[in-house]
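Numbers given in this note's numbering equal positions in the sequence shown, counted from 1, plus 106.
We put the beta carbon where it would ideally sit given N, CA and C, even for glycine.
Notes for the one structure printed next.
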Amino acid sequence: MLIVQKYGGTSLQDIDRIHSAARRAASLAKQGSRVVVVVSAQGDSTDRMIQKAAQVNKRGAAREMDAYLAAGEQMSAGLMSMAIGAMGSPAVSLTGWQAGISTDGVHGNARIVDIDVSRIQRELDAGKAVVVAGFQGLDPAGDITTLGRGGSDTTAVALAAWLKADRCQIFTDVDGVYDRDPRLFPDATRFGRISYEKMLALIENGAQVLHDRSVEFARQYGIQIEVLSAFTGEPGTIVGGSEPF
Ligand code: ASP
Ligand code: MG
Numbered sequence: 107m108l109i110v111q112k113y114g115g116t117s118l119q120d121i122d123r124i125h126s127a128a129r130r131a132a133s134l135a136k137q138g139s140r141v142v143v144v145v146s147a148q149g150d151s152t153d154r155m156i157q158k159a160a161q162v163n164k165r166g167a168a169r170e171m172d173a174y175l176a177a178g179e180q181m182s183a184g185l186m187s188m189a190i191g192a193m194g195s196p197a198v199s200l201t202g203w204q205a206g207i208s209t210d211g212v213h214g215n216a217r218i219v220d221i222d223v224s225r226i227q228r229e230l231d232a233g234k235a236v237v238v239a240g241f242q243g244l245d246p247a248g249d250i251t252t253l254g255r256g257g258s259d260t261t262a263v264a265l266a267a268w269l270k271a272d273r274c275q276i277f278t279d280v281d282g283v284y285d286r287d288p289r290l291f292p293d294a295t296r297f298g299r300i301s302y303e304k305m306l307a308l309i310e311n312g313a314q315v316l317h318d319r320s321v322e323f324a325r326q327y328g329i330q331i332e333v334l335s336a337f338t339g340e341p342g343t344i345v346g347g348s349e350p351f
């Protein structure tokens, strides 16, 4: 079984949360699954980096912003890989380009166009959990690109598609997809399953739980996305598909 798990910023906010994500990944690996973990930058570090960049140059070149912002995910990847290692499971971190992710050249909002998964496959074959820095790739000019805010979701779903993963789990700070923002509307109801079309409509109306392109990839490649809480690990919402697992 090959599982792609993605952890967002709040799910990696501090050492305790990194440990709990690492523990979940390591225990799957110990049970014999091939595990790919996609990580976002920790907490609100991308926001803070954007503010810092503006202090240096209010209109910094998009290429340089990408070079800077991609580092947030790379730091998470190294930390997560070491945390999984500390749980007794061999792990390796990869940047987006080490993971073979090629994008177009639209800095700040690049699209994934291809993934050469051979390096990831090699590491999995060697028995390692593979931690991939989300939100980034390399364009045809060989420059670092980022995928737009929230783009680590798209890294995860695209990897699940190219690797033909059995499961794609997006761990987040809510326990699934709701019809309205559960933080503002206490009577919001949670979907057990939601279609790609309905999910895209919710995103269009401002829902931020998933990056829109991740849902488009999932629809195109027939990937079911599980959205679930990093804190409870309880089943959340399944996006797409109709067959039970
Ligand atoms: N760190 C990036 C952001 O805050 C990407 C992501 O979290 O998915 O937008
Ligand atoms: Mg997000």
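Quick one: what does DSSP say residue i is sitting in, helix, strand or coil?
i: L230; result: helix
i: V142; result: strand
i: K304; result: helix
i: Q275; result: strand
i: I344; result: strand
i: T295; result: coil
i: L265; result: helix
i: T252; result: strand
For the beta strand (DSSP E) that residue i lies in, which residues bound it at each end?
i: A197; result: 197 to 200
i: L244; result: 242 to 244
i: T116; result: No beta strand (DSSP E) contains T116, which DSSP labels as neither H nor E.
i: V315; result: It is not in any beta strand (DSSP E) - V315 carries neither H nor E in the DSSP assignment.
i: A135; result: Note, A135: premise wrong, no beta strand (DSSP E); alpha helix (DSSP H) at 121 to 136.
i: V237; result: 235 to 239
Which residues bound the alpha helix (DSSP H) around residue i?
i: D220; result: Where D220 is concerned, there is no enclosing alpha helix (DSSP H), although the beta strand (DSSP E) it sits in stretches over 218 to 221.
i: K270; result: Unbroken run through K270: none, as it is neither H nor E.
i: I329; result: Note, I329: premise wrong, no alpha helix (DSSP H); not H, not E.
Which one of the options has the shortest CA to CA distance from residue i?
i: D272; options: R140, A232, Q119, M193; result: R140
i: L253; options: G243, A262, A247; result: G243
i: R296; options: D318, L265, S258, S335; result: S335
i: Y284; options: F277, L308, A266, T261; result: L308
i: R228; options: L269, E179, V145, F291; result: L269
i: I276; options: D259, Q204, H213, N163; result: D259
For chain B, check one thing: does any of its Cβ atoms lie closer than 8 Å to the Cβ of residue i?
i: S208; result: The displayed structure is made up of one protein chain only, and chain B is not part of it.
### Task
Give, in chain order, every unbroken run of the alpha helix (DSSP H) that is at least 4 residues long and sits entirely within the segment 157 to 208.
168 to 192
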